[in-house]
Structures are given as structure tokens and as C-alpha cells.
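Only one structure is covered here, and it is reproduced in the block below.
Residue numbers (this note's numbering): 1287 to 1424.
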């Protein structure tokens, strides 16, 4: 019987396969059926379907979105990722028409991984920085 991937490997695989390689179908194997995202202004996103919805929304608004992983820390089942999101606003996002502006937005994600799947997460990006950049403010 194969051992499940380490928590670090699962989270890095999520960023690599889903975001860098644009393979959202991998969400279904990387996230547990009972997955919960506890952070965010839109409330709790449940199950892989919640991640698919978030992915579709972000890629629709920012088709070139990519993430630079600035720090990755692991403590048991938990993996902390400090990231920088780089993207160009090319589609409607939270009621705002495309601006064509490039954005660089810091964020942090805490993921709990068990049995080779992401069970829970707390992911926050700096929404004020994002809004200021979309407004054209430095």
C-alpha cells in the first residue's frame, strides 16, 4: 500500500498542477470531499466544488494569474504558504469591468493536509492592495 504524499508535497502539487499548469481537474484529487475553506469575505467554500468555483472566477478575471511561493513552512499536518499573486485584470471581477492593469498581490494560505488531501484551509490575499492596484493607485 502506498503512503500518502507528504503535506508539503500535496500543497506544492496544488500550486504547480492546478495554477501553473492550469489543470483544474486535479482539484478533485487534491481536496478532500469534506474540504472547508474557513477564510474569505464570501464565507466558507465547501468541498472541491468550492475550489473549482474560486478557480473559475479568478482565471476568468485574471487569465494569466500565477503565484510565486515566497515561503513554505510545515508543522505536522499544516503547511503555510506566503505567496505573491501576479496577474493582469482582463475580465469582470467582483462587479468590476476589466481594467487591463497588472497586479502584484501578497497573500498567505494555511492548509491542513491528511490522508494525502487538503482537508481545510485559511487563505487570505491583501484585498486592499488588489483594489488599489485595480483603481490605478500605486
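Cβ coordinates follow ideal geometry from the N, Cα and C atoms, glycine included.
- In this structure, the alpha-carbon of residue 1325 lies about 16 Å from that of residue 1369.
- Residue 1350 places its beta carbon less than 7 Å from that of residue 1373.
- Within the segment 1320-1404, the runs of beta strand (DSSP E) that reach at least 3 residues and sit entirely inside it are, in chain order, 1352-1361, 1364-1374 and 1388-1400.
- Minimum Cα-Cα distance from residue 1295 among the listed residues 1332, 1345 and 1362 corresponds to 1362.
- DSSP lists 1396 as the beta-bridge partner residues of residue 1408.
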